[in-house]
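Residue numbers (my numbering): 38 to 491.
Put into C-alpha cells, the structure is as follows:
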C-alpha cells in the first residue's frame, strides 16, 4: 500500500482492493500446491521442488515467514498395500468413502470501472513493477473471435507466458490485466449480425476466466501456421479488468429513480449503451453525483451497458474509481515519483535552465484539465502546449530561469525569462534600479547640506 501511495495519488479503495487481491493470490497459490507423495524421501523432495517453483511468492515481506510458520505438518499416510486391500473389500470410488476433503481456494477476479484518466492503468503498471510473478497487460480493443483478422483471445495468455520467460509453471500463477474491457461490450442495433469484436470476444473469454487449458503457440512458432503449442492452465491465474464505462452512472441513476407506468412499463423508452451515451453529457459537470452513483453499481447495470451476464458473473469484485478534483490534479503534477513537473524540470535542466511554477499556475493547469474532462491524462497535453515556446527559445541562449505564472497558463502573457546578464546587472550594474536609487539619495543629501550651510 505504501508503495502504491508513492506512485498513485488518491483511489484509496482501489489500492486497498488490489493489495488484498494480490496478497490473497499469493496465499491461494501456496495453499493449492500439490500434496507430498506417499513415499518418505521423495515426498519431501517433491514438495520442496514445488515450493521452489513458486518460490517467487515467498520473497514478499512477511508472507513467506507467515506461510511457512502456519504450514501444517505432514500427516502420515497408510502403506500402499493396506490401501489396495481396502479398495478390494470396498469397491467403488474413494471419494464416497472419504470422511475428509481437501479445501481448494478459488480466485476472485476484479473489475475496475471509473472515468478516463483516473489511474486504472497506472495502478496496474505500478503493481506490475513491484511483483515477481508474471504480469501481463492486454488491450481488449484489438481482440477478435478466433478466425477473424485481429488478435485471438489466446494471445492474452501468450503475453503472460512471454513475461514468464516461457515457463509454464510460473505463467500458471500469474496475473492478467485486461485494459479497456468496456470496448468489447455488445454494440446496440446489430443483433442480426455477428459481433466478432464485442460479444463474441466476451463469449470466448468465459472458460479462460473461470479456468481451462489454453493452447498457446511456442516461442518460435508462428501464430498463422498453427505450429507446436504449449498447454497453460488458467485456474490459478488472476484476471483484473478495467474500463471507463462512459455513461454507466446514468444507467445507475435511472435504475435508482425509475418511474413505472401502468402494467409495469418504465417511463423511459431508451435502454442500453445508447441511452447511456445519449445522457452522459448533462452529467459531466456534477462529479459528486456521478461518483455516488458509481459506488452503487451492480451486475445488472453492466449487463444493461452491453456486457453479457456470464462475463459479468466471473468478476465478483467491482471496484469503482472516483473522479479527480483540482487539488488531486495539483498533487499529481508534483508528488508522485514520476510526476510531470519534475520531468519537465529535468528536460530544461539539461540546458542548465531552472523551471519554476507559481502555485496559482499549477492550480490553473489542473482547472484546464478539469474543463477538458480528460482526467490526469490531459495534464501532459497542457504542459506540452504551455512549455512549447520556452523549450524552443531556451537551448543556446543566456536564459537562466523560466518562471510560469497564472496569466501565462491562461495565454494572456509570455513566460518570464530571467537571463544571466540581467541577474548580474541587477546586483552591480550602473543601469540597475538599485544604483539609480542610491545616486538619487546621494543627490538629495548634498542638496540638504547646501541649504543648511546657506
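Even glycine gets a Cβ: it sits at the ideal position worked out from N, Cα and C.
- Message: Can you tell me whether residue 375 is helix, strand or coil according to DSSP?
- Response: Numbered from its first residue, the chain shown carries residue 375 at position 338. It is coil, neither helix nor strand.
- Considering only residues of the same chain and omitting the five flanking positions on each side of residue 365, which have a CB-CB separation below 6 Å? Within the chain shown, the letter at position 328 stands for residue 365. Counting only Cβ-Cβ distances below 6 Å, and skipping sequence neighbours, we find 46, 47.
- Query: According to DSSP, is residue 216 helix, strand or coil?
  - Reply: By 1-based counting over the chain shown, the position of residue 216 is 179. Correct three-state label for residue 216: strand.
- Message: Give me the DSSP bridge partner(s) of residue 441.
- Response: The residue given as residue 441 occupies position 404 in the chain shown. The partner list for residue 441 (beta bridge, DSSP) reads 394.
- For residue 325, which of 378, 286, 398, 338 has the nearest alpha-carbon? As a first step, residue 325 must be located in the chain shown, where it is residue number 288. Checking every option, the nearest Cα to that of residue 325 belongs to 286.
- Indicate the three-state DSSP secondary structure (helix, strand or coil) for residue 277 in the structure shown. For the purposes of this step, residue 277 is taken as the residue at position 240 of the chain shown. It is a strand residue.
- Cβ neighbour criterion (16 or more within 10 Å) applied to residue 353: Numbered from 1 along the chain shown, position 316 holds the residue referred to as residue 353. With fewer than 16 Cβ atoms within 10 Å of its Cβ, residue 353 is classed as exposed.
- Query: Once you ignore the five residues that flank residue 219 on each side, which residues in its own chain have a CB closer than 7 Å to its CB?
  - Reply: Here residue 219 refers to the residue found at position 182 of the chain shown. Excluding positions up to five away in sequence, the list reads 280, 281, 282.
- Message: I'd like the list of long-range same chain contacts for residue 256, defined as Cβ closer than 7 Å, with 5 residues on each side in sequence excluded.
- Response: In the chain shown, residue 256 corresponds to position 219, counting from 1. Excluding positions up to five away in sequence, the list reads 203.
- Message: Measuring straight from C-alpha to C-alpha, what distance separates residue 51 and residue 444?
- Response: Taking the first residue of the chain shown as 1, we reach residue 51 at position 14. Taking the first residue of the chain shown as 1, we reach residue 444 at position 407. Using only the alpha carbons, I get a separation of about 37 Å.
- Among 194, 214, 213, which residue has its Cα nearest to the Cα of residue 205? The residue labelled residue 205 in the question sits at position 168 within the chain shown. For residue 205, the nearest C-alpha among the options comes from 194.
- For the putative contact between residue 146 and residue 209, defined by C-beta atoms under 8 Å, what is the C-beta separation to the nearest angstrom? Locating residue 146 in the chain shown gives position 109, where the first residue counts as 1. Locating residue 209 in the chain shown gives position 172, where the first residue counts as 1. Not really, about 16 Å apart at Cβ, beyond 8 Å.
- Message: Among the candidates 373, 201, 331, 431, whose CA atom is the shortest distance from the CA of residue 173?
- Response: Taking the first residue of the chain shown as position 1, residue 173 is located at position 136. It is 201 whose Cα lies nearest to the Cα of residue 173.
- Spatial neighbours of residue 237 in its chain, beta-carbon cut-off 6 Å, leaving aside the 5 residues before and after: As a position in the chain shown, residue 237 is number 200, starting the count at 1. Cβ within range, chain order: 182.
- Query: Straight-line CA distance for residue 266 to residue 358?
  - Reply: As a first step, residue 266 must be located in the chain shown, where it is residue number 229. As a first step, residue 358 must be located in the chain shown, where it is residue number 321. Approximately 39 Å, taken between the alpha carbons.
- Check whether the stretch 380 to 398 touches the stretch 432 to 444, taking contact to mean three or more Cβ pairs, one atom from each stretch, closer than 8 Å. yes
- Message: Using CA atoms only, rank isn't needed, just tell me which of 53, 392, 338 is closest to residue 438.
- Response: Here residue 438 refers to the residue found at position 401 of the chain shown. With distances taken between Cα atoms, residue 438 lies closest to 392.
- Cβ distance (whole Å) where residue 153 is taken to contact residue 412 below 8 Å: Residue 153 sits at position 116 when you count from the first residue of the chain shown. Residue 412 sits at position 375 when you count from the first residue of the chain shown. Yes, they are in contact, since the Cβ atoms of residue 153 and residue 412 sit about 5 Å apart, within 8 Å.
- Query: Taking the alpha-carbon positions, what's the residue 446 to residue 199 distance?
  - Reply: For the purposes of this step, residue 446 is taken as the residue at position 409 of the chain shown. For the purposes of this step, residue 199 is taken as the residue at position 162 of the chain shown. Taking the straight line from one Cα to the other gives about 45 Å.
- Residue-level contact to chain D via CB, residue 381, 8 Å cutoff: The structure shown contains no chain D, having only a single protein chain.
- Task: Take the Cβ of residue 448 as the centre, count every other Cβ of all protein chains shown within 10 Å, and call the residue buried at 16 or more, exposed below.
- Result: Working through the chain shown from its first residue, we reach residue 448 at position 411. With fewer than 16 Cβ atoms within 10 Å of its Cβ, residue 448 is classed as exposed.
- Query: Got a sec? Which residues, its chain only, sit under 6 Å from residue 119 by beta carbon, not counting five neighbours each side?
  - Reply: Numbered from 1 along the chain shown, position 82 holds the residue referred to as residue 119. Here residue 119 scores only 48 on pLDDT, less than 50, and its place in the model should not be relied on; the value that follows carries that caveat. Excluding sequence neighbours, residue 119 sits near nothing in its chain.
- Backbone CA spacing between residue 451 and residue 235 [nearest angstrom]: For the purposes of this step, residue 451 is taken as the residue at position 414 of the chain shown. For the purposes of this step, residue 235 is taken as the residue at position 198 of the chain shown. Spanning the two alpha carbons is a distance of roughly 48 Å.
- Message: Between the alpha carbons of residue 68 and residue 141, how many angstroms are there, rounded?
- Response: Here residue 68 is taken as the residue at index 31 of the chain shown, counted from 1. Here residue 141 is taken as the residue at index 104 of the chain shown, counted from 1. Those two C-alpha atoms are separated by around 8 Å.
- Would you please state the rounded distance, in angstroms, between the beta carbons of residue 242 and residue 394? I believe it to be under 8 Å. Looking up residue 242 in the chain shown gives position 205. Looking up residue 394 in the chain shown gives position 357. Contact doesn't hold; Cβ gap of about 45 Å is too wide.
- Query: Just reading off the beta strand (DSSP E) that residue 454 is part of, what are its end residues?
  - Reply: By 1-based counting over the chain shown, the position of residue 454 is 417. Start and end: 453 to 456.
- Message: For residue 246 and residue 160, which I take to be in contact (beta-carbon distance under 8 Å), what is that distance rounded to the nearest angstrom?
- Response: On the chain shown, residue 246 is found 209 positions in, with the first residue counted as 1. On the chain shown, residue 160 is found 123 positions in, with the first residue counted as 1. Residue 246 to residue 160, Cβ: 20 Å. No contact.
- Rank 382, 70, 187 by C-alpha distance to the C-alpha of residue 424 and give the top, closest one. The sequence position of residue 424 within the chain shown is 387, counting from 1. If we check each option's Cα against that of residue 424, 382 comes out closest.
- Host beta strand (DSSP E) of residue 177 (start-end): For the purposes of this step, residue 177 is taken as the residue at position 140 of the chain shown. Per DSSP, residue 177 belongs to no beta strand (DSSP E) and is neither H nor E.
- Message: By the DSSP assignment, the beta strand (DSSP E) with residue 150 in it spans what residues?
- Response: In the chain shown, residue 150 corresponds to position 113, counting from 1. Note, residue 150: beta strand (DSSP E), 147 to 150.
- DSSP state of residue 250 mapped onto helix, strand, coil: For the purposes of this step, residue 250 is identified with residue 213 of the chain shown, where counting begins at 1. Three-state DSSP puts residue 250 in a strand.
- Message: I need the straight-line Cα distance from residue 402 to residue 331, nearest angstrom please.
- Response: Translated into the one-based positions of the chain shown, residue 402 becomes position 365. Translated into the one-based positions of the chain shown, residue 331 becomes position 294. Cα to Cα, residue 402 sits roughly 27 Å from residue 331.
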